[in-house]
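**Student:** Pasting a structure here, questions to come.
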Amino acid sequence: MKRIARTAVLIGAGAVTLLSGCTAGGGPDSDRALATAGPTATTTTAPDAAEQVADRYRAVGGEQEVYGIQRSAGPGGVPVLVVWTRDPDDSAQTFDELKASVTGFLEQSEEVSLDEGYLMDVFGPDGSLKHRLDARP
């Protein structure tokens, strides 16, 4: 029992360290890294509101594999975009096509301004992080 409790404490301490955003430099680059850090896995189910956005995206010709698109305010007010896809292909070309398609849809159909850049995470069919992009100037 003591071993389990000790393991839980060590795991909890590690999680606190990760969540606190400890970095070794403390300079401007570390601030940017902290602002872009996010989860590396999520559930395979997108929230209802994200599913509704993805439904609208697919209705106007978006990638059929996308089943969730969530937008929230990030650092400095730039949008944070989270995309859930059933496509297991994690190649750079597939990501570039998806990125262009999703951002074009958000700007044109959802009237989201991406003038100041955006942050994007793409999660695959198993909930793992496939791509992370910081597209701020």
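Mapped onto our numbering, the consecutive letters of the sequence shown carry residue numbers -7 to 129. For every residue, glycine included, the Cβ atom is placed at its ideal position computed from N, Cα and C.
(1) Determine the burial state of VAL52: buried for a count of at least 16 other Cβ atoms within 10 Å of its Cβ, exposed for fewer.
(2) Roughly how many angstroms lie between the CA atoms of ASP107 and ILE61, to the nearest whole one?
(3) What's the gap between the Cα of THR193 and the Cα of LEU121?
(4) Mind pulling the alpha helix (DSSP H) runs of 4 or more residues that sit fully within the segment 35 to 64?
(5) Kindly indicate which three-state DSSP category THR95 falls into: helix, strand or coil?
(6) Classify GLU89 as buried or exposed, calling it buried when 16 or more other Cβ atoms lie within 10 Å of its own Cβ.
(7) Only counting the same chain, and skipping five residues up and downstream in sequence, which positions put a Cβ closer than 6 Å to that of VAL45?
(8) Could you tell me which residues DSSP puts in a beta bridge with PRO71?
(9) Quick one: what's got a C-beta closer than 7 Å to ASP118's C-beta in the same chain, skipping five residues either side?
**Tutor:** This is what the structure holds:
(1) By one-based count along the sequence shown, residue 52 stands at place 60. With fewer than 16 other Cβ atoms within 10 Å, it is exposed.
(2) Indexing the sequence shown from 1 puts residue 107 at position 115. Indexing the sequence shown from 1 puts residue 61 at position 69. Approximately 19 Å between the Cα atoms of the pair.
(3) Examination of residue 193 is not possible in this model, given that the chain is present from -7 through 129 alone.
(4) The qualifying runs are 40 to 51.
(5) Translated into positions along the sequence shown, residue 95 becomes position 103. Three-state result, THR95: helix.
(6) Reading the sequence shown from its first residue, position 97 is the one you call residue 89. Flag for GLU89 reads exposed.
(7) Taking the sequence shown and counting its residues from 1, one reaches residue 45 at position 53. The residues are ILE61.
(8) Residue numbering aside, residue 71 sits at position 79 when the sequence shown is read from its first letter. Within the DSSP secondary-structure output, PRO71 pairs in a beta bridge with ALA65.
(9) Counting from one through the sequence shown, the residue named residue 118 turns up at place 126. Correct list, in chain order: THR36.
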